[in-house]
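Trainee:
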Ligand code: CUA
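Numbering (the working numbering), first residue to last: 829 to 1195.
(1) Report whether the distance from the Cβ of residue 986 to the nearest heavy atom of the ligand CUA is below 7 Å.
(2) Assuming residue 882 is part of the alpha helix (DSSP H), what are its boundary residues?
(3) With burial defined as no fewer than 16 other Cβ atoms inside 10 Å of the residue's Cβ, what is the status of residue 1128: buried or exposed?
(4) What are the start and end residues of the beta strand (DSSP E) that includes residue 1125?
(5) Please determine, among 1052, 1010, 987 and 1004, the residue with the shortest C-alpha to C-alpha distance to residue 977.
(6) Leaving out the 5 sequence neighbours to the left and right, which residues in its chain are closer than 8 Å to residue 887 when beta-carbon positions are compared?
(7) For residue 1172, count the other beta carbons within 10 Å of its own beta carbon; 16 or more makes it buried, fewer makes it exposed. Which is it?
(8) Quick check on the burial criterion: 16 or more other C-beta atoms within 10 angstroms. Buried or exposed for residue 1186?
(9) For residue 971 and residue 883, what's the separation of their Cα atoms in angstroms?
(10) Looking at the structure shown, is residue 872 part of a helix, part of a strand, or coil, going by DSSP?
(11) Is it right to say residue 1077 is buried, meaning 16 or more other beta carbons lie within 10 angstroms of its own, or is it exposed?
(12) As a quick exercise: from 1138, 1150 and 1112, pick the residue whose alpha carbon is nearest that of residue 1004.
(13) Identify, in the order they occur along the chain, each residue of the same chain with its Cβ nearer than 7 Å to the Cβ of residue 1043, setting aside the five sequence neighbours on each side.
(14) Let's see if you can read the secondary structure: which residues bound the beta strand (DSSP E) around residue 980?
(15) Over the uninterrupted alpha helix (DSSP H) stretch that includes residue 1079, give me the two end residues.
(16) Run the proximity test for residue 1087: is its beta-carbon closer than 7 Å to any non-hydrogen atom belonging to the ligand CUA?
(17) Given a cut-off of 8 Å on the beta-carbon distance, is the pair residue 873 and residue 1060 in contact?
(18) Could you check if residue 1122 is buried or exposed, using at least 16 other CB atoms within 10 Å of its CB as the buried criterion?
(19) Please classify residue 912: is it buried, with 16 or more other beta-carbons within 10 angstroms of its beta-carbon, or exposed?
(20) Report the CB separation of residue 1147 from residue 1168 in whole angstroms; it is logged as a contact under 8 Å.
(21) Specify the secondary structure class of residue 837 as computed by DSSP and reduced to three states.
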C-alpha cells in the first residue's frame, strides 16, 4: 500500500520525457564529429588553421589544444548525462530502486559529494593549464619582435575603406608606396607599423598572425614571418563603417629574388606613354577629377586621398579586394564606383566611350 503512490508517480514522469529530449545526449555526442568534418574545410588563402609562419603556428597550436581539451570535456559531460538519464529511467521502472532514489543512503550521498568535489578540482586544474598555455603563446608571439635581425619595415595606414602601404627605407628614393597588395620575402622578419587617420580598423592575415588594431593617433606594431611562398588574404577585422566587409588586402609571400624584382619595378616611375592612345589616356587622367585624389609617380598627379596608381596595372584586384583588376571592372569602377561600393570617396566619372577607352588603356599600361 505504501509504495503505490511512488509506483504510480515516478514511471509516469520518466515516460513523459519527449522523445526529442531523450535523444539530446546522442545528438550532442554526434555534434563534435560533424564539427570535425566542417573543420576539414578550414584550409586555404584565409585560415588560421593553415599557418604559413611561426606566429600563426603558435595561434593554431593553442587553438587545437583548446579544441581537443574542450571537445573531450564536452564528450565526458554528455556521456555522463546520457548514463544518468538512462539510469534514472531504468530505476524508475523498478519499484525497489525507485524507493532508493527517493531515500538515498549515506553511502551514495558521500559518493555524489566526492564526485562533485573531484569535478571542481579537475575543472580548476584544466583552467590553470589553459591559462599557462595562453601565457606561453603570448610570449612566443613576441619572440619575433626581439629578433636581432633588421626587419623589413612596412607602414600601413587604414583608410575607409582601403589600405595604404609604404615600404620604409633609409634612402627616401628607395621607399615604395602602393595599396591593398603587400609583397614580402619568405623567411625575412617583417615589421608592420599600423596607423589610422579616421576610425579604428584591424589588420588581420589569419595565415600569418592574429589581429592588430589600428587606432587613430597611435602607431601599433606587429611582426610576421612567412615560412613558405603563397598568396594570403587579409581582412579588416574591426567594424569601421558601411564598407567594412570590402576592406580586404592580399599578402604575396615570395622568394627573395621574386621580391627584389617586384620591389625594383615599384621604384620606377610610371612608364612614358608609348603611343597617342596612351598619351590621350594620360591627358584624360590629368584633366579630370582623377588627378585630385590619386598619385602617379613621374607625372603631375600627386593626390593622397585615394590609392597610389603608379603601378595599378600590375595589381590583381581593385577597390581593396572588391573586384578583380580586369578592364571591365575598372571601367565600371571609374564610371560609377558608388554602385559597387556605396559610400567610398570616389565620385562618379561620366566619361564618353573614347575617353574611357583611352583612360583604361593608360591605367592598364601602368605595370
Ligand atoms: Cu576597416 Cu573594418
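A virtual CB, placed ideally from N, CA and C, is assigned to each residue, including glycine.
For clarity, every value in this text was computed on a predicted model and none was experimentally measured.
Mentor: A quick look at the data gives this:
(1) Stepping through the chain shown from its first residue, residue 986 is reached at position 158. At least one heavy atom of the ligand CUA is nearer than 7 Å to the Cβ of residue 986, so yes.
(2) Taking the first residue of the chain shown as 1, we reach residue 882 at position 54. From DSSP, the alpha helix (DSSP H) with residue 882 extends over 882-920.
(3) Against the chain shown, residue 1128 aligns to sequence position 300. Classification of residue 1128: exposed, given that the 10 Å Cβ count is below 16.
(4) Locating residue 1125 in the chain shown gives position 297, counting from the first residue. Membership of residue 1125 in any beta strand (DSSP E) is not indicated, and neither H nor E is assigned to it by DSSP.
(5) As a working mapping, residue 977 is identified with position 149 in the chain shown. That would be 1052, whose Cα lies nearest to the Cα of residue 977.
(6) Your numbering for residue 887 matches position 59 in the chain shown. For residue 887, where only same-chain residues beyond five positions count, the Cβ hits under 8 Å are 876, 879, 965, 969, 1037 and 1038.
(7) As a first step, residue 1172 is located in the chain shown; it is residue number 344 there, counting from the start. Burial call: buried.
(8) Looking up residue 1186 in the chain shown gives position 358. Its Cβ being crowded by 16 or more others within 10 Å, residue 1186 is buried.
(9) Locating residue 971 in the chain shown gives position 143, counting from the first residue. Locating residue 883 in the chain shown gives position 55, counting from the first residue. Each residue's Cα considered, the two are about 9 Å apart.
(10) Here residue 872 refers to the residue found at position 44 when the chain shown is read from its first residue. Correct three-state label for residue 872: coil.
(11) For the purposes of this step, residue 1077 is identified with residue 249 of the chain shown, where counting begins at 1. Counting Cβ neighbours within 10 Å, residue 1077 comes out buried, since at least 16 surround it.
(12) For the purposes of this step, residue 1004 is taken as residue 176 along the chain shown, with counting starting at 1. Taking only the C-alpha atoms, the option nearest residue 1004 is 1138.
(13) Locating residue 1043 in the chain shown gives position 215, counting from the first residue. For residue 1043, same chain residues with a beta-carbon under 7 Å away, outside a window of 5 residues either side, are 1024 and 1028 in chain order.
(14) Taking the chain shown and counting its residues from 1, the one referred to as residue 980 is at position 152. Its beta strand (DSSP E) spans residues 980-987.
(15) Position 251 of the chain shown, counting from 1, holds the residue named residue 1079. Premise fails: residue 1079 lies in the beta strand (DSSP E), 1076-1082, not in any alpha helix (DSSP H).
(16) Residue mapping note: residue 1087 aligns to position 259 of the chain shown, counting from 1. The answer is no for residue 1087.
(17) Sequence index remark: in the chain shown, residue 873 carries index 45 (1-based). Sequence index remark: in the chain shown, residue 1060 carries index 232 (1-based). Going by C-beta atoms, residue 873 is nearer than 8 Å to residue 1060.
(18) Here residue 1122 is taken as the residue at index 294 of the chain shown, counted from 1. Its Cβ being crowded by 16 or more others within 10 Å, residue 1122 is buried.
(19) Along the chain shown, one-based indexing puts residue 912 at 84. Answer is exposed; the Cβ neighbour count stays below 16.
(20) Indexing the chain shown from 1 puts residue 1147 at position 319. Indexing the chain shown from 1 puts residue 1168 at position 340. The C-beta separation of residue 1147 from residue 1168 comes to about 7 Å, placing the pair in contact by the 8 Å criterion.
(21) In the chain shown, residue 837 corresponds to position 9, counting from 1. At residue 837 the pLDDT is 45, less than 50, meaning the model places this residue with poor confidence and gives no usable figure here.
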